[in-house]
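54 is the number that this note's numbering gives to position 56 of the sequence shown; each next residue is one higher, with no gaps. C-beta: ideal position from N, C-alpha, C; glycine also. Being a predicted model, the structure only gives us computed values, none of them experimental.
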Amino acid sequence: MAHPKRKISKTRRDKRRTHYKLEAPGLAKCPTTGEMHLPHRAFWLDGKLYYKGQVIIEKEVRA
C-alpha cells in the first residue's frame, strides 16, 4: 500500500488544486457586424467569412 514519507501541508495541497477551474473564453465584438467572436479568428456570418472587420470569402449560392 502506498505510504507518504512526509505529510503534505494544506497549502501545498491547495496550490496543486488551484488549476481545476474553467474560464469563459474572452470574446471580441466585430466593428463591422457587431457579432461576438473569438479574438484573432475568422468567423462566418450570413455566408461571408469575416476577419478584422473585412469580408475575406463570400460563399457562392448555387441555384
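* **Helix, strand or coil at Lys13 according to DSSP, with G and I counted as helix** => helix
* To do: Using the Cα positions of Arg4 and Gly24, report the straight-line distance between them to the nearest angstrom.
  => 41 Å
* To do: On the DSSP bridge assignment, give the partners of Glu56 in chain order.
  => Partner(s): Lys46.
* To do: Counting only the same chain and skipping the five closest in sequence on each side, list residues whose C-beta sits under 7 Å from that of Phe41.
  => So the list reads Glu33, His35, Tyr48, once near-sequence residues are dropped.
* Among Pro2, His38, Leu20, Tyr18, which one has its Cα closest to the Cα of Lys50? -> The residue from Pro2, His38, Leu20, Tyr18 with its alpha-carbon nearest to that of Lys50 is His38.
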